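Numbering (the working numbering), first residue to last: 208 to 448.
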């Protein structure tokens, strides 16, 4: 039986008890609330703290590059906490226990940080600088820029572990970090809206057009980066004359 886990802090959703009552018996609701409600709230708070830790690291890196190299590699930094429905679907899809312990042990993308960069080279430069920090542990790396997904999706994904400092302990937390250029992010956002629109079938023709748009975006990224390098080279030669 599915069990929905809902954050008390999200006032736009139905309450946890309402969701549970729609799926479980009153006895099961009481058992789950008594055992998991508070631990779930605490775990989500820890994930939010981890996202803040990671996003702050990128803000510092961006400031450093701006001061030393007159270059801001980061356009924006976004954070997101996986929704209760998504957590539920992932656990049940993998036939994992519906417990707070199971979330922490088995899911690595509950907390997400997305770093939108100006150019593809900025992605790898920032990722390397980020991973060199001694409190960041790389768990998994997937490079969908060098090897895009079949649908055209491009991004660099890192699963990392970083500590958060509580009043009585240091707690390691997993965070998924996604690096994209502006065009990669624009394409991914629109592709998701199109592909997952309700009651609309994505034909092979539309899928092919989406893939073509992704390839056009990659070519545009490469061309813009070439232009940037030419401008930087001309600046260097100009300062030497």
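Every residue, glycine too, gets a C-beta built ideally from N, C-alpha and C.
Given the structure is predicted, the values throughout are model-derived calculations rather than measurements.
Would you kindly work out how many angstroms separate the C-alpha atoms of residue i and residue j, rounded to a whole number?
i           : j           : result
residue 421 : residue 375 : 48 Å
residue 297 : residue 336 : 31 Å
residue 299 : residue 316 : 16 Å
residue 411 : residue 357 : 13 Å
residue 416 : residue 362 : 19 Å
residue 306 : residue 255 : 19 Å
residue 285 : residue 390 : 16 Å
residue 302 : residue 238 : 21 Å
residue 401 : residue 438 : 37 Å
residue 386 : residue 378 : 25 Å
residue 341 : residue 233 : 48 Å
residue 388 : residue 242 : 43 Å
residue 282 : residue 318 : 20 Å
residue 290 : residue 436 : 41 Å
residue 382 : residue 354 : 22 Å
Residues in the same chain with beta-carbon distance under 7 Å from residue i, minus the five sequence neighbours each way, listed in chain order, please.
i           : result
residue 280 : 269, 272, 324, 325, 329, 332, 333
residue 384 : 261, 320, 322, 365, 367
residue 350 : 363
residue 345 : 338, 365, 367
residue 409 : 402
Return helix, strand or coil for residue i, following the three-state DSSP convention.
i           : result
residue 317 : coil
residue 306 : coil
residue 441 : helix
residue 217 : A caution first: residue 217 carries a pLDDT of 41, below 50, which makes its placement in the model unreliable, though a value can still be read off. Coil.
residue 265 : helix
residue 281 : strand
residue 246 : helix
residue 355 : coil
residue 340 : coil
residue 296 : helix
residue 326 : coil
residue 259 : helix
residue 301 : coil
residue 401 : helix
residue 408 : coil
residue 390 : helix
residue 212 : Here the model assigns residue 212 a pLDDT of 39, short of 50, so the residue's position is not dependable and the matter cannot be decided.
residue 232 : coil
What residues are listed by DSSP as bridge partners for residue i?
i           : result
residue 436 : For residue 436, which the question treats as bridged, DSSP gives no partner whatsoever.
residue 348 : 365
residue 385 : 321, 364
residue 287 : 319
residue 372 : 377
Apart from the five residues just before and just after residue i, which ones in its own chain have a Cβ nearer than 6 Å to its Cβ?
i           : result
residue 424 : 390, 394
residue 189 : In the structure as shown, the chain starts at 208 and stops at 448, and residue 189 therefore has no counterpart that could be examined.
residue 313 : 303
Excluding sequence positions up to five away, which residues of its chain have a Cβ less than 8 Å from the Cβ of residue i?
i           : result
residue 440 : none
residue 428 : 326, 327, 388, 390, 391
contact_flag[the stretch 368-386, the stretch 432-441] where n(CB pairs < 8 Å) is 3 or more: no
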